[in-house]
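Read the structure below first, then the notes.
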Amino acid sequence: MFEHLVAFKLNANATPEKQQELVNQLLALKGMIPGIVDLSAGINETEERENIHGFTLGLRVTFESQEALRNYGPHPAHQQFVQSLDGLLEQVVVVDYPM
């Protein structure tokens, strides 16, 4: 299995409503993309304010294999989510590792 972690830093155009819409889009990917074992996503509510560096959303996806992770990126549902970030994304951090 492979773990895929993503932290999204959104700009001021990302209203709370838009942030929730993005989370909902991410959560829907579990039923749309083959090879996803588990998926969670949410709005950052950490109380460790000095450590968040402005990152707004978090995503964790567990894939059944590295091949499934590789197929996730170009999948049309994932690409649609990526397009929905247009004009909203300031920075993204991605970490992938085997489990």
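Using numbering that gives the first Met the number 0, you'd call the opening residue of the sequence shown number 0 and step up by one each time. Beta carbons: idealized from backbone N, C-alpha and C, even for Gly.
Do residue i and residue j have their CB atoms nearer than 8 Å?
i	j	result
L4	L56	no
CB-CB under 7 Å to residue i, same chain, minus the five flanking residues each way: which ones, in chain order?
i	result
F7	F54, T55, L56, L88 and V91
D13	What sits at residue 13 in the sequence shown is Ala, not Asp. Answer for A13: T55 and L87, listed in chain order.
N43	I51, F54, T55, L56 and G57
H74	I32
According to DSSP, residue i sits in a beta bridge with which residue or residues?
i	result
G57	A6 and G41
V91	F7
F80	Answer by DSSP bridge pairing: none, since F80 is not bridged.
Which value, in whole angstroms, describes the spacing of the CA atoms of residue i and residue j?
i	j	result
Q82	L58	17 Å
Y71	V94	14 Å
P33	A11	33 Å
L28	Q78	11 Å
Y96	E20	27 Å
L68	D85	23 Å
Going by beta carbon distance, what residues of the same chain come within less than 8 Å of residue i, once the five residues before and after it are set aside?
i	result
T61	M0, F1, E2, H3, I35, V36, D37, L38 and M98
Q18	L9, I42, T55 and L56
Leaving out five residues before and five after residue i in sequence, what residues of the same chain have Cβ atoms less than 6 Å from its Cβ?
i	result
F80	Q24
A40	V22, L25, L26 and L58
M31	A76
Q65	F1
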